[in-house]
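There are 2 protein chains.
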Amino acid sequence: MKCRKCGGSAALELRRHNAAFCAPHFLEFFRKQVAEAIHKHRMFSRDEPILVAVSGGKDSLALWDVLIEDGYQTAGLYLDLGIFEYSQESKAKCVAFAAARGQTLHIERVVDAVGAPIPDVQRATRRPTCSACGLSKRYLMNRTALEHSYPVVATGHNLDDEAATLFGSVLHWQMDALPRQSPALPSTHSKLVRRVKPLYQLSELETAGYSFLRGINYIVEECPFSKGATSLAHKELLNRLEEASPGAKHNFLFGFLDNARVAFERLEDVSLTECSRCGQVTTGEICAFCKLADQVKSRALTPSGPPAAG
Amino acid sequence: MKCRKCGGSAALELRRHNAAFCAPHFLEFFRKQVAEAIHKHRMFSRDEPILVAVSGGKDSLALWDVLIEDGYQTAGLYLDLGIFEYSQESKAKCVAFAAARGQTLHIERVVDAVGAPIPDVQRATRRPTCSACGLSKRYLMNRTALEHSYPVVATGHNLDDEAATLFGSVLHWQMDALPRQSPALPSTHSKLVRRVKPLYQLSELETAGYSFLRGINYIVEECPFSKGATSLAHKELLNRLEEASPGAKHNFLFGFLDNARVAFERLEDVSLTECSRCGQVTTGEICAFCKLADQVKSRALTPSGPPAAG
Numbered sequence: 003m004k005c006r007k008c009g010g011s012a013a014l015e016l017r018r019h020n021a022a023f024c025a026p027h028f029l030e031f032f033r034k035q036v037a038e039a040i041h042k043h044r045m046f047s048r049d050e051p052i053l054v055a056v057s058g059g060k061d062s063l064a065l066w067d068v069l070i071e072d073g074y075q076t077a078g079l080y081l082d083l084g085i086f087e088y089s090q091e092s093k094a095k096c097v098a099f100a101a102a103r104g105q106t107l108h109i110e111r112v113v114d115a116v117g118a119p120i121p122d123v124q125r126a127t128r129r130p131t132c133s134a135c136g137l138s139k140r141y142l143m144n145r146t147a148l149e150h151s152y153p154v155v156a157t158g159h160n161l162d163d164e165a166a167t168l169f170g171s172v173l174h175w176q177m178d179a180l181p182r183q184s185p186a187l188p189s190t191h192s193k194l195v196r197r198v199k200p201l202y203q204l205s206e207l208e209t210a211g212y213s214f215l216r217g218i219n220y221i222v223e224e225c226p227f228s229k230g231a232t233s234l235a236h237k238e239l240l241n242r243l244e245e246a247s248p249g250a251k252h253n254f255l256f257g258f259l260d261n262a263r264v265a266f267e268r269l270e271d272v273s274l275t276e277c278s279r280c281g282q283v284t285t286g287e288i289c290a291f292c293k294l295a296d297q298v299k300s301r302a303l304t305p306s307g308p309p310a311a312g
Numbered sequence: 003m004k005c006r007k008c009g010g011s012a013a014l015e016l017r018r019h020n021a022a023f024c025a026p027h028f029l030e031f032f033r034k035q036v037a038e039a040i041h042k043h044r045m046f047s048r049d050e051p052i053l054v055a056v057s058g059g060k061d062s063l064a065l066w067d068v069l070i071e072d073g074y075q076t077a078g079l080y081l082d083l084g085i086f087e088y089s090q091e092s093k094a095k096c097v098a099f100a101a102a103r104g105q106t107l108h109i110e111r112v113v114d115a116v117g118a119p120i121p122d123v124q125r126a127t128r129r130p131t132c133s134a135c136g137l138s139k140r141y142l143m144n145r146t147a148l149e150h151s152y153p154v155v156a157t158g159h160n161l162d163d164e165a166a167t168l169f170g171s172v173l174h175w176q177m178d179a180l181p182r183q184s185p186a187l188p189s190t191h192s193k194l195v196r197r198v199k200p201l202y203q204l205s206e207l208e209t210a211g212y213s214f215l216r217g218i219n220y221i222v223e224e225c226p227f228s229k230g231a232t233s234l235a236h237k238e239l240l241n242r243l244e245e246a247s248p249g250a251k252h253n254f255l256f257g258f259l260d261n262a263r264v265a266f267e268r269l270e271d272v273s274l275t276e277c278s279r280c281g282q283v284t285t286g287e288i289c290a291f292c293k294l295a296d297q298v299k300s301r302a303l304t305p306s307g308p309p310a311a312g
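Protein sequence lines, in the order shown, are assigned to chains A and B.
Just so we're aligned, residue 3 is where the first sequence starts under the working numbering, counting upward by one.
Just so we're aligned, residue 3 is where the second sequence starts under the working numbering, counting upward by one.
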């Protein structure tokens with residue numbers, strides 16, 4: 003295989019683009035895709051400081067790397083979930099990444115905010131795996147951005163993540179979730195910062211390729227709680243469709259964003275107020291995060307070990 | 003396993019209903035599901051003659067059987083596609099079924115209407131497999147119903163068929179097809195008869211079970227052109243989801259029908275006119291069926307054999 007741009011030996015084949023690239027031209031392609039996403043959805047300008055949520059994995063560190071290289075004003079945010087060695091290792095990757103590039107890294111600990119680390123939070127609530135964690139992450143990203151005056155939070159969600167989320171929403175026709183699926187969620191309240199996903203046009207394979215070629219030292223292990231997660235089953239299923247018909251994932255996600263999403267946008271706006279407990283934005287009296295923290299506090303928790311294997 | 007109704011030995015387990023039934027109570031369950039679908043969507047009344055489109059397979063013959071047993075006024079319509087032995091055998095099943103029950107069976111031949119049997123039609127057009135056939139079937143069902151004054155055509159589409167069609171439409175976000183996916187399509191023009199799918203609440207396994215228990219002699223072979231069809235791949239994929247989570251197909255289809263379909267209904271109505279060639283309903287000047295027949299006529303066709311195996 004030869005590079006589409008220079009005819010040199012190709013390092014990566016992108017079947018859905020019917021193209022292959024050498025290392026330098028793949029990096030160029032990757033950066034262009036990110037720049038296009040930022041421009042198309044007016045995600046942020048060069049004057050705005052951007053808070054990049056990093057997990058220590060390939061996607062979020064690739065995102066941070068691209069933004070730094072492109073001269074954006076960025077800082078990282080690492081959320082310490084307290085998930086045993088997994089959290090320790092992923093934090094170390096983020097700390098080293100930031101130090102090597104002279105960037106600020108904010109670190110917030112779930113245990114401080116909610117009263118217990120994620121493994122204990124999950125045992126204290128009846129929420130499905132990943133649900134309490136996702137809620138805590140969205141809450142802390144927004145709170146940290148507000149506290150430090152970042153107008154926008156960028157996350158490393160890629161094409162595969164977004165397609166899998168959409169797939170799950172469609173299987174159950176979640177009429178609340180469907181209109182919220184977007185590469186750029188605007189601020190609809192003064193206490194709600196913008197959320198953007200500049201990697202949504204790039205596949206998991208492509209972010210892995212970028213991180214590898216850029217020599218980024220990221221954590222390869224997945225979260226130990228993700229084992230058996232529905233989103234992983236959906237990703238596998240979408241991979242089968244992609245295998246049979248390259249571009250299937252892309253068409254599914256982009257067809258939704260370009261044509262169908264508008265059908266789900268609510269006619270009436272949801273009215274947002276401030277949580278009477280913490281002051282963050284909610285649709286009710288007390289926000290979901292404060293309710294979660296209440297649940298955790300109300301249960302006497304014994305310390306727990308890592309989840310059993312298998 | 004025991005029958006949910008009588009505690010006797012169960013003949014069939016229905017995982018998505020978390021139930022099992024003996025033979026008589028399964029037949030009762032099946033008939034109730036059909037009656038519920040007819041009632042819920044006001045598909046037809048007992049005063050109306052119903053044209054039941056039959057292929058010779060388990061679904062359409064099960065449908066015809068239920069309607070006859072329930073005392074509806076019915077006649078069958080067999081569309082002879084001219085697909086070698088497959089068509090000959092399936093026609094024989096329909097003729098025998100109708101004769102044994104003293105019912106009228108209309109037979110229409112695609113070769114008479116379009117100028118060539120389906121295998122030659124497919125070679126004469128660039129349409130994907132099953133597309134020209136589906137177009138011809140919908141056209142001839144409607145024309146036959148109009149000619150013989152049936153106000154409604156009933157087809158044997160089951161839950162698996164409908165879920166697979168929806169899945170295909172969603173993967174490509176076909177904004178034309180999505181609002182038309184319904185168990186009951188009303189007549190929107192004096193030359194367009196109602197189309198209804200009374201089996202849409204019942205799975206493929208359930209229609210097979212009904213046909214078996216009722217001793218219906220149906221054709222087991224699938225159409226030789228269906229091999230490798232996308233709809234079959236989608237059915238397989240949905241079966242995986244169903245395996246992992248019983249009820250997944252049901253929730254996907256019913257969630258759409260109950261909550262999401264309305265989002266896709268067009269704000270403006272499509273304007274329907276009559277084809278200047280054949281007088282049937284179309285959105286343009288000449289209908290898609292007449293265009294198909296033109297294509298077939300304009301190509302000198304050599305006779306063809308059955309499709310190659312594998």
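Every residue, glycine too, gets a C-beta built ideally from N, C-alpha and C.
Asked                                                                                                                                         : Found
Residues that DSSP places opposite residue 46 (chain A) in a beta bridge                                                                      : The partner list for residue 46 (chain A) (beta bridge, DSSP) is empty, contrary to what the question assumes.
Closer than 9 angstroms to chain B by CB, residue 272 (chain A)                                                                               : no
Beta strand (DSSP E) runs contained entirely in the stretch 120–169 of chain B, provided each spans 3 or more residues                        : 154–156
Residue-level contact to chain A via CB, residue 241 (chain B), 9 angstroms cutoff                                                            : no
Contact set between residue 219 (chain A) and chain B, taken where Cβ atoms lie within less than 7 angstroms                                  : Those do not exist, as residue 219 (chain A) stays about 36 angstroms from chain B at its closest Cβ, beyond 7 angstroms.
Residue 152 (chain A) versus A:123, A:193, A:126, A:118, residue with shortest Cα-Cα distance                                                 : A:193
C-beta contact flag for residue 206 (chain A) and residue 163 (chain A) at 9 angstroms                                                        : yes
Short-range partners of chain A found in the stretch 160–185 of chain B, where Cβ spacing is below 7 angstroms                                : 172, 173, 174, 175, 177
Pair within 9 angstroms by beta-carbon distance, residue 58 (chain B) and residue 96 (chain B)                                                : yes
6 angstroms CB neighbourhood of residue 51 (chain B) in its chain, flanking five on each side removed                                         : 75, 152
Which listed residue (B:37, B:283, B:208) has its alpha carbon closest to that of residue 23 (chain B)                                        : B:208
Closer than 7 angstroms at the beta carbon, the chain B residues around residue 257 (chain A)                                                 : 174, 175
Beta-carbon proximity of residue 282 (chain A) to residue 144 (chain A), cut-off 9 angstroms                                                  : yes
From A:170, A:90, A:264, A:274, residue whose alpha carbon lies closest to that of residue 287 (chain A)                                      : A:274
Cβ-based neighbour list, residue 67 (chain B), same chain, cut-off 7 angstroms, excluding 5 preceding and 5 following                         : 216, 218
From B:125, B:3, B:19, B:285, residue whose alpha carbon lies closest to that of residue 249 (chain B)                                        : B:19
Alpha carbon of residue 233 (chain B) to alpha carbon of residue 127 (chain A), nearest angstrom                                              : 41 angstroms
Endpoints, alpha helix (DSSP H) assigned at residue 70 (chain A)                                                                              : 60–71
Residues of its chain near residue 21 (chain A), where Cβ-Cβ distance is below 6 angstroms and the 5 sequence neighbours each way are ignored : 6
Own chain, CB closer than 6 angstroms to residue 280 (chain B), minus 5 neighbours either side, in chain order                                : 292
Residue 79 (chain A) and residue 111 (chain A) closer than 9 angstroms at C-beta                                                              : no
Per DSSP, cross-strand counterpart(s) of residue 284 (chain A)                                                                                : A:275
Backbone secondary structure at residue 116 (chain A) - three-state DSSP                                                                      : helix
Member of A:240, A:181, A:245 whose CA lies at the smallest distance from the CA of residue 265 (chain B)                                     : A:181
6 angstroms CB neighbourhood of residue 191 (chain A) in its chain, flanking five on each side removed                                        : 274, 283
For residue 76 (chain A), three-class secondary structure by DSSP                                                                             : strand
Members of the stretch 244–256 of chain B near chain A, C-beta cut-off 8 angstroms                                                            : 246, 250, 253, 254
Range of the contiguous alpha helix (DSSP H) that encloses residue 195 (chain A)                                                              : Note, residue 195 (chain A): premise wrong, no alpha helix (DSSP H); not H, not E.
Residue 244 (chain B), buried or exposed, once every other Cβ within 10 Å from all chains shown has been counted against 16                   : buried
C-alpha gap between residue 15 (chain A) and residue 3 (chain A), whole angstroms                                                             : 8 angstroms
Residue burial classification, residue 47 (chain A) (beta-carbon count within 10 angstroms, cutoff 16)                                        : exposed
9 angstroms Cβ cutoff met for residue 129 (chain B) and residue 294 (chain B)                                                                 : yes
Whole-angstrom distance between residue 195 (chain B) and residue 197 (chain A), CA atom to CA atom                                           : 50 angstroms
Cβ of residue 90 (chain B) within 9 angstroms of any chain A Cβ                                                                               : no
Residue 111 (chain B) - containing beta strand (DSSP E), residue span                                                                         : 107–111
Reference residue 251 (chain A), options B:203, B:259, B:170, closest by Cα                                                                   : B:170
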